[in-house]
């Protein structure tokens, strides 16, 4: 078999990034990390590979079926056993998210970490998704988490820092929304829906944005929820939606007074009040009693940042006070926020294609000859010291073609080096 | 099985990095990339996973036995077949270096890349080494490569840029050494050693630094090289070593005149002359006719940067004009240089432990109460704007313990927030 039989594309579902794309991704990451660092978040770096048993017993839902599993090595791999099953063959797996590794990391290192640990993680995760447009088998996640803190300062810092990080990369005019999982569960219980159907009810309620009140009502009935319960829930929702935004928190507080501790609403009010003064220009924050956030492990506040301009959520998170204990055996309250890194880089790439400024990048061509290389290297160092990205090349046979391709790679200018003459840089625009 | 049965350590041979370690690694990478970018090197990002057949047919030597292989998924995995062998079970693998992915990347994307492509790659690679002190199963490689260029400007830029990158992270007083694989092969042929034993002869010659002339002579004889050939090689080496450094290039040129094209020496002289004026303070460059560099695929210049202070090589590379073609089916001359990233970060960590300056990082404690969280968030934003890393925490029960642990995490100061009073920051030193 030769190289040609395998082809030169990456494996199915994986991507090569061109230099221009990688530069953008690097820049976005650097800007986000700069902001998070200023808030005292500390970089956590864990291996790409975890013990497969740890991954399998995590609360990963359908992601568990999408894991890349690693074949055992050496004597540990025994193919002679009758009735082999795949689990006999593998012992490690690639992480499918950053939360399972973080909980292990925290439990493993907590003696060396502050009592309230502010973590920022950025890195690839792997899922064997069916390849399709816009869905990849390796993609970057960008999470911040505060472990060990139960005070509302935690939610306030996560939200403030994340909207500032998004502003730093140029994602503005955002809507921050805040809710609490306990309010959602009370709303559902209040309508007479039993606890074992609550999770399903939240999945349907999450579609309120898209389907509207009538659509959601239909969905509940179609799913076998009783007419009375459905009607009660929809009536409550309609009443809340009709309130002015600023009055909703108090409206829901009194509507669910017997079911939700008043402290829950006090803390939401504190978070709203303390995020407001730090809002980036163009951003707003609101209490949204119908914000659900999908993950089953949330126990308290849930929140999201969305961009009306791009019609999508750009970050989401919430409080998960039980998960670290379940995953690692070390109990600790925790709360996290995750930026949709692939989503925002695709927004920014789109924007960059439609214009944007470029740093100076110059090619210097020289003709081989005694002492020339030495002299051209000195000239190049001079340009670099002035902040110009500078490359030297021996003059090519086909100069026109070379210049075309350099232009495609973001070169803005070129010069022909002549011994004893000053460099004259011509534009490639 | 509970979380406790698995433990909380990473899998054997893998590492968690503490925040302080990750910050250092990030800073080193950023400094190196900044220098390489100024030379026009462009970031290449490829997936961690490659087609297993591509990895298996690469020139990876013993690394091929150390690959992490990924179990097939879904219907592709058939355990019912009689006489199963491991190759039937796997289709993908984790990359064990960055060169195999680069050659695939170049072949896959070359229409979008400049004719002479300057690539910088930084990322983890995986090898299932037997776990032992200082050897890890995931580690970072940091490579620059110039593909498509045959002129000596290529070697000159790789060497100049790399020593500048090392200076940027504080690794100084370095020795740059340069040789050519064709000189080594001629030296061996000149002694009458047959071509099929040349590779083995180079392995032994590589020990000249450590064993000295007599030691190497013994090693040749012990390995079955004839007395006459061994004596001829050692005599030649002794003669060259006795020459003043500045005369060695011409000495070897005349000694091997009939065996090495004079162009090889002309180009080495050009590289030496053009790297010299750009040498960072404290660095020197020399022609070293006994520098070998291990990889079998080198075809021309080979070079290395070593630190006498730390008694080790910190970067190595060379020209490999056939490898890209062998790996990808697309012929292209190429030359690369690799910084020993794990080596230099461990040097720098050692240095940091013995002192070094710290950026200001402040914890603000507040007592819960109406309006307090809001006010402390505003105060924290003020400090962040001045460049101070700032975290807010609800006042802990055990303040003394909290302060101890914050100090361990690099906090330099703290303040207790009091409404209406200016923040008074106390030092944690």
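Protein chains in written order, with the working numbering: chain A, 453 to 881; chain B, 453 to 881. A virtual CB, placed ideally from N, CA and C, is assigned to each residue, including glycine.
Does the distance from the C-beta atom of residue i to that of residue j stay below 7 Å?
{"i": "residue 546/B", "j": "residue 520/B", "result": "yes"}
{"i": "residue 464/B", "j": "residue 576/B", "result": "no"}
{"i": "residue 632/A", "j": "residue 716/A", "result": "yes"}
{"i": "residue 611/A", "j": "residue 742/A", "result": "no"}
{"i": "residue 645/A", "j": "residue 671/A", "result": "no"}
{"i": "residue 585/A", "j": "residue 726/A", "result": "no"}
{"i": "residue 522/B", "j": "residue 458/A", "result": "no"}
{"i": "residue 532/B", "j": "residue 776/B", "result": "no"}
{"i": "residue 857/B", "j": "residue 566/A", "result": "yes"}
{"i": "residue 557/A", "j": "residue 468/B", "result": "yes"}
{"i": "residue 605/B", "j": "residue 514/A", "result": "no"}
{"i": "residue 643/A", "j": "residue 684/A", "result": "yes"}
{"i": "residue 593/B", "j": "residue 550/B", "result": "yes"}
{"i": "residue 628/B", "j": "residue 757/B", "result": "yes"}
Quick one: grab the DSSP three-state call for residue i.
{"i": "residue 735/A", "result": "coil"}
{"i": "residue 501/B", "result": "strand"}
{"i": "residue 637/A", "result": "helix"}
{"i": "residue 842/A", "result": "strand"}
{"i": "residue 469/A", "result": "strand"}
{"i": "residue 793/B", "result": "helix"}
{"i": "residue 865/A", "result": "strand"}
{"i": "residue 625/A", "result": "coil"}
{"i": "residue 572/A", "result": "strand"}
{"i": "residue 750/A", "result": "coil"}
{"i": "residue 642/B", "result": "helix"}
{"i": "residue 877/B", "result": "coil"}
{"i": "residue 632/A", "result": "strand"}
{"i": "residue 459/A", "result": "coil"}
{"i": "residue 815/B", "result": "strand"}
{"i": "residue 691/B", "result": "helix"}
{"i": "residue 613/A", "result": "helix"}
{"i": "residue 771/A", "result": "strand"}
{"i": "residue 745/B", "result": "coil"}
{"i": "residue 521/B", "result": "strand"}
{"i": "residue 704/B", "result": "helix"}
{"i": "residue 464/A", "result": "coil"}
{"i": "residue 830/B", "result": "helix"}
{"i": "residue 453/B", "result": "Residue confidence for residue 453/B is low, a pLDDT of 42 falling below 50, so the modelled location carries little weight; the figure read from the coordinates is stated next. In the structure shown, residue 453/B sits in coil (DSSP, three-state: anything other than H, G, I, E or B)."}
Assuming residue i contacts residue j (C-beta within less than 8 Å), just tell me the rounded distance between them.
{"i": "residue 778/B", "j": "residue 461/A", "result": "Not really, about 18 Å apart at Cβ, beyond 8 Å."}
{"i": "residue 689/B", "j": "residue 660/B", "result": "7 Å"}
{"i": "residue 504/B", "j": "residue 552/B", "result": "The Cβ separation is near 12 Å, so there is no contact."}
{"i": "residue 466/A", "j": "residue 579/A", "result": "Contact flag wrong, Cβ pair sits at about 12 Å."}
{"i": "residue 474/A", "j": "residue 497/B", "result": "5 Å"}
{"i": "residue 786/B", "j": "residue 770/B", "result": "Actually they do not touch by this definition, with Cβ atoms about 10 Å apart."}
{"i": "residue 446/A", "j": "residue 488/A", "result": "The displayed coordinates of chain A run from 453 to 881. Any statement about residue 446/A would go beyond what the structure contains."}
{"i": "residue 525/A", "j": "residue 797/A", "result": "At roughly 36 Å, the Cβ-Cβ gap does not stay under 8 Å, so residue 525/A and residue 797/A are not in contact."}
{"i": "residue 635/A", "j": "residue 708/A", "result": "7 Å"}
{"i": "residue 564/B", "j": "residue 880/A", "result": "In fact, because the Cβ distance is near 17 Å, the residues do not count as touching under 8 Å."}
{"i": "residue 625/B", "j": "residue 761/B", "result": "6 Å"}
{"i": "residue 538/B", "j": "residue 529/A", "result": "6 Å"}
### Query
Do three or more CB pairs link the stretch 809 to 820 of chain B to the stretch 839 to 851 of chain B at distances below 8 Å?
yes
Exercise for review: Pull out every residue of the stretch 849 to 870 of chain B whose Cβ sits closer than 9 Å to any Cβ of chain A, in chain order.
Suggested key: 850, 853, 854, 857, 858, 860, 861, 862, 863
| Where the stretch 473 to 501 of chain A meets chain B: residues whose CB sits under 7 Å from a CB there | 474, 475, 478, 489, 490, 491, 492, 494, 495, 496, 497, 498, 499, 500, 501
Q.
Within 8 Å, do at least three Cβ pairs link the stretch 729 to 744 of chain B to the stretch 586 to 605 of chain B?
A. No, they do not touch.
Quiz item: Is it a yes or a no for the stretch 565 to 576 of chain B touching the stretch 481 to 500 of chain B, going by three-plus beta-carbon pairs under 8 Å?
Solution: Judged by Cβ distances under 8 Å, the stretch 565 to 576 of chain B makes contact with the stretch 481 to 500 of chain B, as three or more pairs qualify.
Exercise. Between the stretch 854 to 869 of chain B and the stretch 614 to 622 of chain A, do at least 3 Cβ pairs fall closer than 8 Å?
Worked result: no
**Request:** Take every Cβ of the stretch 868 to 876 of chain B, pair it with every Cβ of the stretch 818 to 836 of chain B, and state whether three or more of those distances are shorter than 8 Å.
**Result:** yes
Point to revise | Stretch pair the stretch 464 to 484 of chain A + the stretch 791 to 802 of chain A: three plus CB contacts closer than 8 Å | key: Taking 8 Å as the limit for Cβ pairs, the verdict is that the stretch 791 to 802 of chain A does touch the stretch 464 to 484 of chain A.
If the cut-off is 9 Å on Cβ atoms, which residues from the stretch 617 to 629 of chain B count as contacting chain A, listed in chain order? none
Does the stretch 650 to 667 of chain A touch the stretch 740 to 759 of chain A, meaning 3 or more C-beta pairs lie closer than 8 Å?
-> yes
Practice problem: Could you run through the stretch 519 to 532 of chain B and flag, in chain order, every residue whose CB is less than 8 Å away from some CB of chain A? | Solution: Hits within the stretch, in order: 520, 521, 522, 523, 525, 529, 531.
Using a Cβ-Cβ cut-off of less than 7 Å, list which residues of the stretch 567 to 589 of chain A approach chain B; keep chain order.
Residues 567, 568, 570, 576, 580.
**Item:** Contact set between the stretch 458 to 472 of chain A and chain B, restricted to residues whose Cβ is under 7 Å from the partner
**Value:** 458, 460, 461, 462, 463, 466, 467, 468, 469, 470, 471
When you check each C-beta in the stretch 723 to 739 of chain A against every C-beta of chain B, which residues fall closer than 9 Å? 723, 725, 726, 727, 728, 729, 730
>> To be precise: take each residue of the stretch 603 to 614 of chain B, compare its Cβ to all Cβ atoms of chain A, and keep it if any distance is under 7 Å. Which residues remain?
In response: 603, 604, 605, 608, 609, 612
Notebook entry, point to check: Taking a cut of 7 Å between CB atoms, which residues from the stretch 825 to 837 of chain B lie near chain A?
Noted result: 825, 826, 829, 830, 833, 836: these are the residues of the stretch 825 to 837 of chain B whose beta carbon lies less than 7 Å from some beta carbon of chain A, given in chain order.
Relative to chain B, which residues along the stretch 768 to 800 of chain A have a C-beta separation below 7 Å, given in chain order?
779, 780, 781
Looking at chain B, which residues of the stretch 737 to 757 of chain A have a Cβ within less than 7 Å of any of its Cβ atoms? none
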